[in-house]
Amino acid sequence: MPSTPLLDREFLEKLERLTVRWQKSFAGLVGGHNKSRFPGAGQEFLDHRNFHHGDDLRAVNWRAYLRLEKLFLKMFQVEPRVPVRMLLDTSASMAPNGGEKFDYARRLAGALCYVGLVRLDTMEVHGFNNRLTQRIFCTGGRHRFAGVAESLMALEPGGATDYQAVVREFIESYSQRGLVIVISDFLDDRGCERALQYLTDFGHELMLLQVWADEDRTPPWTGELELRDAESGASVKLDFDDAARQRYTKAFDEYCSGIQTVALRSNGRYAGISTSQPLESVIFADLIRVRGIA
Numbered sequence: 037m038p039s040t041p042l043l044d045r046e047f048l049e050k051l052e053r054l055t056v057r058w059q060k061s062f063a064g065l066v067g068g069h070n071k072s073r074f075p076g077a078g079q080e081f082l083d084h085r086n087f088h089h090g091d092d093l094r095a096v097n098w099r100a101y102l103r104l105e106k107l108f109l110k111m112f113q114v115e116p117r118v119p120v121r122m123l124l125d126t127s128a129s130m131a132p133n134g135g136e137k138f139d140y141a142r143r144l145a146g147a148l149c150y151v152g153l154v155r156l157d158t159m160e161v162h163g164f165n166n167r168l169t170q171r172i173f174c175t176g177g178r179h180r181f182a183g184v185a186e187s188l189m190a191l192e193p194g195g196a197t198d199y200q201a202v203v204r205e206f207i208e209s210y211s212q213r214g215l216v217i218v219i220s221d222f223l224d225d226r227g228c229e230r231a232l233q234y235l236t237d238f239g240h241e242l243m244l245l246q247v248w249a250d251e252d253r254t255p256p257w258t259g260e261l262e263l264r265d266a267e268s269g270a271s272v273k274l275d276f277d278d279a280a281r282q283r284y285t286k287a288f289d290e291y292c293s294g295i296q297t298v299a300l301r302s303n304g305r306y307a308g309i310s311t312s313q314p315l316e317s318v319i320f321a322d323l324i325r326v327r328g329i330a
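Adding 36 to a residue's 1-based position in the sequence shown gives its number in this note's numbering.
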């Protein structure tokens, strides 16, 4: 468990002016700071419509009735707490190099949780590998962040990744649509694109944040190597030179492009993030650029 705080106070103060964004309109609970196109009870006037039997008489525009002798119902802008659910990869592939990727990923998750807490969004964080694991509730305002940070710091990476099983369990557990933020390296031998597409098919909006170490994209080694899979333990021997490195990096970039396509074709968002990037620049540059936050 890290001995230093998940995020320092100075950084948290900078996050207070941000908002987690979503593109779709979802039917949710009243509250929050992102407007929906659904009419209902709220504070900002939206429009009138004709009164129908069974409508709430408290919403009738009685002044219009006195002038026109017709019943009109006032509609207001709903500001729903859209459910925001974050899936944080805790598989063994996040653990190499002392857990550098995993530490970065949970700090990113913590930053987004704090933004949601400040804005009174309804958020949950789930760890996952081949199933959904720890569940962390993230609601109630900024004063609840200490407990959220403690829970994130207690997470430990391990186990194999299985996106098909995780997405199936997620869909069975949550019938209400919302924003799904996935923070992961997206390394799964079985592939993850089809499983992620299932989430959009069920009406969820995706924000895919792919975290990688520099060596994941451009391995620094040269010569005869024996590489071992961090999750399955399988090994492979190969000769690695500059030409092989270039082919590998090209294949890695093509794979990342496929993950990005899954998000963008359903009006979601994607960001590829190297652990060598300062977290502050990711939050205030990359995520704002892709309209993940504002």
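Using N, Cα and C, we set each Cβ at its ideal position, and we do this for glycine too.
DSSP three-state assignment for residue i, whether helix, strand or coil
i: W248; result: strand
i: A182; result: helix
i: D265; result: coil
i: A307; result: strand
i: L242; result: strand
i: D221; result: coil
i: S271; result: strand
i: D259; result: A small correction: the amino acid at residue 259 is Gly; Asp does not occupy that position in the sequence shown. In the structure shown, G259 sits in a strand (DSSP, three-state: E or B).
Close-in-space but distant-in-sequence residues of the same chain around residue i (CB under 7 Å, 5 per side omitted)
i: E267; result: S127, A128, S129, A196 and T197
i: G163; result: L124, T126, T169, Q170 and L191
i: F222; result: C228, Q246 and I295
i: I309; result: L245, Q246, V247, V318 and D322
i: L107; result: F87, V96 and Y101
i: E136; result: A249 and T311
i: L48; result: Y150
i: R327; result: R57 and R305
i: R281; result: T254 and P255
Residue range of the alpha helix (DSSP H) that includes residue i
i: E52; result: Here E52 belongs to no alpha helix (DSSP H), and DSSP marks it neither H nor E.
i: A347; result: Any answer about residue 347 is impossible in this case: the structure gives the chain only from 37 up to 330.
i: R230; result: E229 to D237
When the options are compared against residue i, the one with the closest alpha-carbon
i: P132; options: G308, E316, W248 and I295; result: W248
i: I219; options: W98, A279, N303 and A299; result: A299
i: R143; options: V154, G269, A185 and G134; result: A185
i: R253; options: K110, P314, T285 and R226; result: T285
i: R99; options: I324, L109 and A182; result: L109
i: P255; options: G134, D278 and V272; result: D278
i: L42; options: D237, Y140, P193 and D225; result: Y140
i: R325; options: S293, R57, S187 and F47; result: R57
i: S209; options: A145, G146, F238 and R230; result: F238
i: T40; options: E105, D265, G90 and M189; result: M189
i: F181; options: F320, R45 and I329; result: R45
i: E260; options: F276, R103, E251 and D224; result: F276
Close Cβ partners of residue i (< 8 Å) along its chain, the five nearest in sequence each way excluded
i: E160; result: P119, V120, R121, M122, R171, I172, F173 and C174
i: R167; result: D198, A201, V202 and E205
i: Q23; result: A question about residue 23 goes unanswered here, because the residues of the chain that appear run from 37 up to 330.
Nonlocal neighbours in the same chain, by C-beta distance under 6 Å from residue i, ignoring five residues either side
i: V216; result: R121, L235, H240 and L242
i: R178; result: L153 and V154
i: L232; result: V298
i: K273; result: E262
i: G146; result: L42, L43, A185 and L188
i: D91; result: L109
i: F288; result: R253
Unbroken beta strand (DSSP E) runs of length 3 or more, entirely within the stretch 85-142: which are they?
-> 108-113 and 119-125
Uninterrupted beta strand (DSSP E) stretches inside the stretch 160-217 (no shorter than 3 residues) = 168-174
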